[in-house]
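Peer 1: In terms of this note's numbering, the sequence shown opens at residue -15 and continues consecutively.
Every residue, glycine too, gets a C-beta built ideally from N, C-alpha and C.
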Amino acid sequence: MSDLLSIGASGVRAYQSALSTVGENIANVNSTGYTRRTVNISEVAGGSGSLNPYGAGNGVVLTGVGRSANVYASAALRASTSDLSRTTKGAEWLDRIQDALTGNALTTRVTSFFASAQSLAAEPNSTALRTGMLSAAASAGIAFTATGKAFDQIDSDIDTAGNQAAQSLTSLGDSLGKINDSLGRAQVGSTAAAQLMDQRDNILSQMSELADVTTKTDAIGRATVSFAGSTGPAFVQGVTSGQVAYDRGSDGKVSFTVTVGAVNSQITASGGTIAGITDGAERVAAIRQELNAVATGFTGAVNVNQTAGLDQNGNTGIAMFATGTNPTDISVSDQFTSGSLIAAGKIAASAGGGVRDSSNLTALEATRQSQGFETKLTALVTDNATAYKQKNTIADAQTAIRDGAATALSTATGVNLDSEAVDLMRFQQAYAASGRVIQVARETMQTILDIR
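1) With DSSP collapsed to three states, give me the class of residue 32.
2) What does the alpha-carbon distance come out to for the pair residue 266 and residue 81?
3) So does residue 300 have its beta carbon nearer than 6 Å to some heavy atom of the ligand ZN?
4) Please state whether DSSP places residue 423 in a helix, a strand or coil.
5) Below 7 Å CB to CB, which residues in the same chain sit around residue 343 once its five sequence neighbours on both sides are set aside?
6) Since I believe residue 244 is in contact with residue 211 (beta carbons under 8 Å), could you give me their beta-carbon distance rounded to a whole number of angstroms?
7) What three-state label does DSSP hand residue 252 in the structure shown?
8) Report the rounded CA-to-CA distance for residue 63 versus residue 192, giving the unit in angstroms.
9) What whole-angstrom Cβ distance do residue 132 and residue 310 have, given they're in contact under 8 Å?
10) Use the C-beta contact count for residue 32: other C-beta atoms within 10 angstroms, 16 or more gives buried, fewer gives exposed.
11) Tell me where the alpha helix (DSSP H) around residue 343 begins and ends.
12) Spatial neighbours of residue 383 within its chain, please: C-beta separation below 7 Å, excluding the five flanking residues on both sides.
13) Between which two residues does the beta strand (DSSP E) carrying residue 131 extend?
14) Let me know if residue 56 comes out buried or exposed under the rule of 16 or more other beta-carbons within 10 Å of its beta-carbon.
15) Considering only the beta carbon of each residue, do residue 386 and residue 65 sit closer than 7 Å?
16) Considering only the alpha carbon of each residue, which of 394, 425, 417 lies closest to residue 52?
17) Count the other CB atoms, across all protein chains shown, that sit within 10 Å of the CB of residue 200; report buried if there are 16 or more and exposed otherwise.
18) Whose C-alpha, out of 301, 433, 316, is nearest the C-alpha of residue 307?
19) By how many angstroms is the C-alpha of residue 178 removed from the C-alpha of residue 12?
20) Thinking C-beta only, is residue 100 closer than 7 Å to residue 120?
21) Cα-Cα, which of 135, 230, 217, 273 is closest to residue 77?
22) Say whether the segment 283 to 294 touches the segment 156 to 175, bearing in mind that this needs 3 or more beta-carbon pairs closer than 8 Å, one atom from each stretch.
23) Should residue 154 and residue 227 be called a contact, given that it needs their Cβ atoms to be closer than 7 Å?
24) Are the CB atoms of residue 127 and residue 88 within a distance shorter than 7 Å?
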């Protein structure tokens, strides 16, 4: 009877733990990052030296609490998350670039400047039209300057985002190292180990949003993480983790590096936020180079035109624009104090020209057409808008892929209340039956004791 009693008692203990596990699943049905728990129950075999070879075993034992993890579904979700994050972050920077190119009406103001020059060419001696052209020149300079400042702000924001991403990766790596250490100390198959693995997967998910990472886990769940394409040591291995750093080169391009111990390695930004930042910085550098070229060509052409002509008083013209540190830092020269200094003509009064001569403004219009300043500015806006639209189209497709991967993972590892309800009834019945076994053992033992 003692065997029957111990068998019943083992069933009660095992199914009590099983019921608690099911209850934990039900309670966390809506918890983000929670992976469904399962119980592993095994028979306790009878001793090999038993006098009764046909007797029962020694009951049942709970061998551990497992997780309904799916390595392949998790990897697919991390990969799709990394791809989507790169695209969406890249699109954000393209949107910022578009705002910078269009927010100050640069193309419109340059067009207004040349239009005012054409109007003055029709009546070169008009004080009002000369004042209007000078005002349009100042407006164009302000637009160039403001656009350059807008790109300065984008570069500053990219640097901030890059440093934050590097700090976040370093912090996540440190946290993952601590979880690896805790997993090494936790009992295999325990609830504590399952909770640590959930935390590990949550960190890996956050890492995949920031960078394209490859992950391996050992027998007890400790993760080893490397950056995709990196040839150096693993970013996280055991309790050791590296430090990620952000840097901007003189050409405007940015890079990320990881230092593990004394080894410094370049991170190939192939996915995640850091790839989006890298793409954005490259795009800003390329557009800024083209914008600077347009600004330099514009001021140079106008100033050359002015110094080649004669102003309203018949004097040799002076440069209209002054440039600051950057090519886009454009303003009307301090010496260009009035519209009378605009060199509208080239022919002196003594040679039949004078105040009615507009040949120099005609030459300016020819330069406008040959240089195509407005065409180049419009092309910058159009090309960036096209790239932004393409990014959004790609993002829509990648969102569908990511959502599908998330659904697949949720189906494989999430809590299904219908299944939990079935398990709840099954374990409840087993628990009640085990209790009944104990009761039968007690009643039988009492019957034997009552025999006289």
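Peer 2: The answer reads as follows:
1) Within the sequence shown, the letter at position 48 stands for residue 32. Unreliable positioning characterises residue 32 in this predicted model, as indicated by a pLDDT of 49, which lies under 50. A coordinate reading is not provided.
2) The residue given as residue 266 occupies position 282 in the sequence shown. The residue given as residue 81 occupies position 97 in the sequence shown. Whole-angstrom Cα-Cα distance: 12 Å.
3) Ligands displayed in this structure: none; no statement on the ligand ZN is therefore possible.
4) Taking the first residue of the sequence shown as 1, we reach residue 423 at position 439. Residue state, collapsed to three classes: helix.
5) In the sequence shown, counting from the first residue as 1, residue 343 sits at position 359. Cβ neighbours of residue 343 beyond the five flanking positions: 329, 330, 331.
6) By 1-based counting over the sequence shown, the position of residue 211 is 227. By 1-based counting over the sequence shown, the position of residue 244 is 260. About 11 Å; that fails the 8 Å criterion.
7) Mapped onto the sequence shown, residue 252 falls at position 268. It is coil, neither helix nor strand.
8) Translated into the one-based positions of the sequence shown, residue 63 becomes position 79. Translated into the one-based positions of the sequence shown, residue 192 becomes position 208. Spanning the two alpha carbons is a distance of roughly 7 Å.
9) Reading the sequence shown from its first residue, position 148 is the one you call residue 132. Reading the sequence shown from its first residue, position 326 is the one you call residue 310. Going by Cβ atoms, the distance from residue 132 to residue 310 rounds to 5 Å, so yes, they are a contact pair.
10) Here residue 32 is taken as the residue at index 48 of the sequence shown, counted from 1. Residue confidence for residue 32 is low, a pLDDT of 49 falling below 50, so the modelled location carries little weight and cannot support an answer.
11) Taking the first residue of the sequence shown as 1, we reach residue 343 at position 359. Note, residue 343: alpha helix (DSSP H), 343 to 355.
12) Translated into positions along the sequence shown, residue 383 becomes position 399. 68.
13) Residue numbering aside, residue 131 sits at position 147 when the sequence shown is read from its first letter. Per DSSP, residue 131 belongs to no beta strand (DSSP E); it is in the alpha helix (DSSP H), 111 to 169.
14) As a working note, residue 56 is residue 72 in the sequence shown. Answer is exposed; the Cβ neighbour count stays below 16.
15) One-based indexing of the sequence shown puts residue 386 at position 402. One-based indexing of the sequence shown puts residue 65 at position 81. Yes, they are a contact pair.
16) As a working mapping, residue 52 is identified with position 68 in the sequence shown. The shortest Cα separation from residue 52 among 394, 425, 417 belongs to 394.
17) In the sequence shown, the residue the question calls residue 200 occupies position 216. By the 10 Å Cβ count, residue 200 comes out exposed.
18) Start at 1 with the first residue of the sequence shown, and residue 307 comes out as number 323. With distances taken between Cα atoms, residue 307 lies closest to 316.
19) Walking along the sequence shown from the start, residue 12 turns up at place 28. Walking along the sequence shown from the start, residue 178 turns up at place 194. Rounded to the nearest angstrom, the two C-alpha atoms are 14 Å apart.
20) In the sequence shown, residue 120 corresponds to position 136, counting from 1. In the sequence shown, residue 100 corresponds to position 116, counting from 1. Yes, they are a contact pair.
21) Taking the first residue of the sequence shown as 1, we reach residue 77 at position 93. Closest by alpha carbon: 135.
22) no
23) Your numbering for residue 154 matches position 170 in the sequence shown. Your numbering for residue 227 matches position 243 in the sequence shown. Yes, the Cβ-Cβ distance between residue 154 and residue 227 is below 7 Å.
24) As a first step, residue 88 must be located in the sequence shown, where it is residue number 104. As a first step, residue 127 must be located in the sequence shown, where it is residue number 143. Cβ atoms of residue 88 and residue 127: closer than 7 Å.
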